[in-house]
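What follows is a single structure, written as C-alpha cells, with notes after it.
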Amino acid sequence: MKRIIGTCLVVLVLAGVLWADTLSITGAGATFPYPMYSKWFDEYHKKNSNLEINYQSIGSGGGIKQITEGTVDFGASDAIMNDEQLKAYQDKHGFGILHFPTVLGAAVPAYNIPGVTAELNFTQEALAGIFLGKITKWNDPAIAGPNKGVALPGEDIVVVHRSEGSGTTYIWTDYLSKVSEEWKTKVNKGASVNWPVGLGAKGNESVAGTIKNTPNSVGYIELIYAIQNKMPYGRVKNSSGAFVKADLASVTAAAAGAAKNMPDDFRISITDAPGKTAYPISSFTWLLVPAKFSDAAKRDAIKGFVKWMLADGQNYTEALSYAKLPKEVVAKELKALNNVQ
Amino acid sequence: MATTTTTVPSAGPVAGSRSFLSRLREGDEIARMVTFLFAASVVLLTVLLVYELWIGSSLPRHKFGFNFFRTSVWDPMFDQFGALPFIYGTLVTAVVSLLIAVPLGIGAAIFLAELAPARVSDTLEFFIDLLAAVPSVIYGLLGVFIVVPLMRQYVQPSLKHSLGFLPLFQGPVYGIGFLTAGIVLAIMIIPYIISVSREVLLSVPRDQREAALGLGSTRWESTWKVVVPFARGGIFGSVFLALARALGETMAVTMVIGNTPLISASLFSPGYSIAAVIANELAEASSNLHYQSLIELGLVLFLLTFILNGLARILIVATSQKGSGMGNA
Chain X
115 MKRIIGTCLV VLVLAGVLWA DTLSITGAGA TFPYPMYSKW FDEYHKKNSN LEINYQSIGS
175 GGGIKQITEG TVDFGASDAI MNDEQLKAYQ DKHGFGILHF PTVLGAAVPA YNIPGVTAEL
235 NFTQEALAGI FLGKITKWND PAIAGPNKGV ALPGEDIVVV HRSEGSGTTY IWTDYLSKVS
295 EEWKTKVNKG ASVNWPVGLG AKGNESVAGT IKNTPNSVGY IELIYAIQNK MPYGRVKNSS
355 GAFVKADLAS VTAAAAGAAK NMPDDFRISI TDAPGKTAYP ISSFTWLLVP AKFSDAAKRD
415 AIKGFVKWML ADGQNYTEAL SYAKLPKEVV AKELKALNNV Q
Chain H
-6 MATTTTTVPS AGPVAGSRSF LSRLREGDEI ARMVTFLFAA SVVLLTVLLV YELWIGSSLP
54 RHKFGFNFFR TSVWDPMFDQ FGALPFIYGT LVTAVVSLLI AVPLGIGAAI FLAELAPARV
114 SDTLEFFIDL LAAVPSVIYG LLGVFIVVPL MRQYVQPSLK HSLGFLPLFQ GPVYGIGFLT
174 AGIVLAIMII PYIISVSREV LLSVPRDQRE AALGLGSTRW ESTWKVVVPF ARGGIFGSVF
234 LALARALGET MAVTMVIGNT PLISASLFSP GYSIAAVIAN ELAEASSNLH YQSLIELGLV
294 LFLLTFILNG LARILIVATS QKGSGMGNA
C-alpha cells in the first residue's frame, strides 16, 4: 500500500514539474478590446493547456512603450504606431514591428437633453463645432437643421470628454481632424489632446455617468458601452451624405470599404470611410507583433494564436458587441503572418 | 541581560567600553545595525525618489526651464506643457478643504476629548478611525453620486444667488469643479484631524486643567484658554497631515474636479490637480516629452509637499516652545 502511495506521489511531482513547464507569453496595451482579448486568451488556453497568455490592459500608449522597450512579447493598441514610433522600434531592435487588426469598434456621440427622446442627426460641421466650442446652444441651426421636428432647447451645451489618454479619444479626434480643417490645426488627433471646451471624466463609465447626471450634455463613448448601458446616441453623417447609426453592421461596412485599399502594413484609419452604410467613427484595434523572435517557441505560439484568432476566434466577437474583421482583411493578415520570423 | 540594557540607548562611551564582540553576542549590536538600516532606508528612498524624478524629467527641464511653472497651456499634440493650472488646482482644492475641515475637525476633537462622556467619545472614535480607513475611490463615488448632484441643484445656485457678486461664485454651474473637489477632500481629511487632535488633547496633563479650574475659570475657559493652547503643536501636526493627504489625493479628486486645466477665480469652474493629471495621462503619454513633463509634475508635487512640510515643522517648533511637548504627536 505504502509503495503505491509513494509511486503516486512521484508521478504527481513529475507531472507538476512537467506542468510547470508551460509556455508563458505576456502582452500589454489597449483597454478597449480587453474583454474580447481576455475571452480569446481564455478559450485558447482551454485548447492549448501548455500555453498561457497574460495580458495587461494598461492602455494603448503603455502597450507601445512596453513592446518598444521589449518588456512584453506583444503589444496592443487602438491607434496605429506613427512613423516616429516605428523608427524608434527599428532603431532599438534592428527589425520592425507588425500590426495585426483583431476586431473593430466605434465611438458614438451620446447626449442628455431633457425633453428630447428622438435620435439626433449630427453633421460633421455640428460635431466639430460643438467640440471646438463654436456651437454653444442646442438650438443652433447647425444642429437643428438636420433634426427637423425635434424641439431642441436654447440651453448651453455641456461637452464631456475623456480626461485620461485613451484609444477612444484617438478615434474621435482622428475623425474630427479628417472632417474639420480647423480641428486639425487647432487640436489635432491623439490619445490626449488640449480640449477647447468641456469637462473631463475618467473612463467610459465616468463619461457616461457625467452625461447622465448633467442636463444638456454631450460626449463620446465606445459603442459597446452605449449598447450595454442603453444610452441614447446620435446618428452621424458619413462621407456619402447619409446619417448612419453605429451598430455592428455599419461598423463592419466601414471596414469593408477600407478593406479594398488596405495597405500591406495594415496601418489604416477607417474614420470617415467611404460607403453609403458605413459608420464614420469606426476603427480597427491592433496587435503589435515583433517581426523577429529570438525564442522560436514563443514565435510559433503567437503565430498559432493569431491564426486561431483570425479563424475560430472571430466567432466570439459578436456576443461581446465587437464587429468581425472583413474576409479580405483576414486573408491578407494570414499572408502577412509569414513575415514574423 | 537585564542589567546591561539600561546603558544601551546612549550607545556612547559607556556602551563603547565593552568589547564589540560581547555586544554582538548579546544581540544589541545586531539590533542596532538592523534598525539603523531600516531607518536609513527611509532617507535612501527619499533621495532615490528625487533622483529618479530629476533624471526622468530632463527633457522638459531643458526645453521649458522655468517657463514650465509660468505657462498654462497643456497640449500634448503640439508639445506645449505648462504646470501652472495644475499647481493652482492642487493648492485651491487643498485650501478649500482645509477651510472647511479645520474648524469642523478641531471642534469635533474638542468635544470628544473634553466635553463628551468617555463612552460616547470612544464609540465615536471607532467610527472616525473607520472613516479614515475608507479607500479614496469610495469617497470619489460619494462625490459623484451625492455631492455633485446636490451642488448642481441646490448649493451652487443658492451660492450664486446670495454671494454671486463675489468672483468666487460666478459662472456656469456644472456641479463639479474646485468647490466640489474641496468639499469631498474635506470629508476625507476631517477624520484625520479629529483622530489625531483628540489624542493630543487627551494627553494634556490633568493638572493643567485642574490648575485652570482651581483659578476659577469655567470649563470652557479651561478648555479654550489652557488645554487647546497646550496641545497646539499636535493640532497643527494633525492639520498638516491632513494637508499632505489633500495635496496628494488622486482618485477622489479626479472624479469630481472636471479634469480641465483652467485657472479661474470662480470656485464653480472645472479644474485639474497635479496628482489627477499624472494618473490620467501617464499610461497613454503620446511622446517622451509628454511623459517626462508628467514626471516633472511629480517632482513639482514632491517639492510642494516638501515645502509645506518644512513650514509645518517651523510652525510647530515656533509655537510649542512653552513646554507643551506635543510637537512630536
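If you read the protein sequences in the order shown, they are chains X and H.
When we follow this note's numbering, the leftmost residue of the first sequence carries the number 115, and every step to the right adds one.
When we follow this note's numbering, the leftmost residue of the second sequence carries the number -6, and every step to the right adds one.
We treat Cβ as the ideally placed atom computed from N, Cα and C, and that holds for glycine.
All values reported here derive from a predicted model rather than from experimental measurement.
Is the CB of LYS206(X) under 9 Å away from at least one CB in chain H?
-> At a cut-off of 9 Å between C-beta atoms, LYS206(X) does not count as an interface residue with respect to chain H.
Mind checking who ASP270(X) pairs with in its DSSP beta bridge?
-> ASP270(X) pairs with LYS251(X).
Spatial neighbours of TYR436(X) in its chain, beta-carbon cut-off 6 Å, leaving aside the 5 residues before and after = MET150, VAL217.
Determine the chain X residues that contact SER262(H) at a beta-carbon separation under 7 Å, and present them in chain order.
-> Simply none; closest approach about 10 Å.
Who pairs with HIS213(X) in a beta bridge, going by DSSP?
-> Beta-bridge pairing links HIS213(X) to LEU402(X).
Give me the Cα-Cα distance between SER317(H) and ALA235(H), rounded to the nearest whole angstrom.
-> Here the model assigns SER317(H) a pLDDT of 46, short of 50, so the residue's position is not dependable and the matter cannot be decided.
DSSP beta-bridge partners of ARG349(X) | Residue pairing from DSSP places ARG349(X) in a beta bridge opposite ASN235(X).
Indicate whether at least one CB of chain H lies closer than 9 Å to the CB of ASN235(X).
-> Closer than 9 Å: no.
Buried or exposed: which applies to TRP213(H), given that a residue is buried once 16 or more other Cβ atoms fall within 10 Å of its Cβ?
-> When all chains shown are included, TRP213(H) counts as exposed.
In the DSSP assignment, what residue or residues form a beta bridge with THR140(X)?
-> Paired residue(s): ASN168(X).
Report the rounded CA-to-CA distance for MET345(X) versus ALA360(X), giving the unit in angstroms.
-> Distance from the CA of MET345(X) to the CA of ALA360(X), rounded to the nearest whole angstrom, comes to 13 Å.
At least 3 beta-carbon pairs within less than 8 Å: the stretch 309 to 317 of chain X vs the stretch 236 to 252 of chain H = With a cut-off of 8 Å, the stretch 236 to 252 of chain H and the stretch 309 to 317 of chain X count as touching, because enough Cβ pairs lie within range.
Using 9 Å as the limit for Cβ to Cβ distance, is LYS449(X) near chain H?
-> With 9 Å as the cut-off, LYS449(X) does not count as an interface residue toward chain H.
Taking ALA278(H) as the query, report the chain X residues whose CB atoms sit under 7 Å from its CB, ordered along the chain.
-> Neighbours of ALA278(H) on chain X, chain order: GLY175, GLY279.
From SER286(H), GLN285(H), ARG202(H), LEU240(H), residue whose alpha carbon lies closest to that of LEU297(H) = Cα-wise, what sits closest to LEU297(H) is LEU240(H).
Among SER259(H), LEU287(H), VAL310(H), which one has its Cα closest to the Cα of VAL85(H)?
-> By alpha-carbon distance to VAL85(H), the top candidate from SER259(H), LEU287(H), VAL310(H) is SER259(H).
Under a three-way DSSP split, which group does PHE60(H) fall into?
-> The sequence shown places Asn at residue 60(H), rather than the Phe named in the question. Looking at ASN60(H) - three-state DSSP - the assignment turns out to be helix.
What are the start and end residues of the beta strand (DSSP E) that includes GLY333(X)?
-> Its beta strand (DSSP E) spans residues 331 to 336.
Which runs of the alpha helix (DSSP H) spanning at least 4 residues fall entirely within the stretch 106 to 179 of chain H, listed in chain order?
-> Along the stretch 106 to 179 of chain H, the alpha helix (DSSP H) occurs as fully enclosed runs of 4 or more residues at 111 to 125, 129 to 135, 149 to 156, listed in sequence order.
Round the Cβ separation of ALA224(X) and ALA322(X) to the nearest angstrom and send it over; I've been treating them as touching at under 8 Å.
-> So it is a contact: roughly 7 Å between Cβ atoms.
Find the residues of chain X that neighbour PRO53(H), judging by a C-beta separation of less than 7 Å, and give them in chain order.
-> What PRO53(H) touches in chain X: nothing, since even the nearest Cβ is about 16 Å away.
How many Å lie between ALA76(H) and SER51(H) at the Cα?
-> One alpha carbon belongs to ALA76(H), the other to SER51(H), and they sit about 15 Å apart.
Have a look at MET(-6)(H) and GLU19(H) and give me their C-alpha separation to the nearest angstrom.
-> The pLDDT assigned to MET(-6)(H) is 38, lower than 50, so where the model puts this residue is not dependable; a value taken from the coordinates is nonetheless given after this. MET(-6)(H) and GLU19(H) have their C-alpha atoms some 8 Å from each other.
Under three-state DSSP, which class holds PRO147(X)?
-> Three-state result, PRO147(X): coil.
Cross-chain neighbours of ALA221(X) in chain H, by beta carbon under 8 Å = Residues of chain H passing the Cβ test: none, with the nearest at roughly 15 Å.
TRP400(X) vs SER171(X) beta-carbon contact at 9 Å = A distance of 9 Å or more separates the beta carbons of TRP400(X) and SER171(X).
For GLY226(H), decide whether its Cβ has a neighbour in chain X, counting only Cβ atoms nearer than 9 Å.
-> With a threshold of 9 Å between beta carbons, GLY226(H) makes no contact with chain X.
If you follow the alpha helix (DSSP H) that PHE31(H) is part of, which residue opens it and which one closes it?
-> Element bounds for PHE31(H): 21 to 49.
Under three-state DSSP, which class holds PRO223(X)?
-> Strand at PRO223(X).
Can you give me the Cβ contacts of GLY136(H) inside the same chain, cut-off strictly under 7 Å, excluding the 5 residues immediately before and after it?
-> Cβ neighbours of GLY136(H) beyond the five flanking positions: THR173, VAL177, ALA245, MET248, VAL249.
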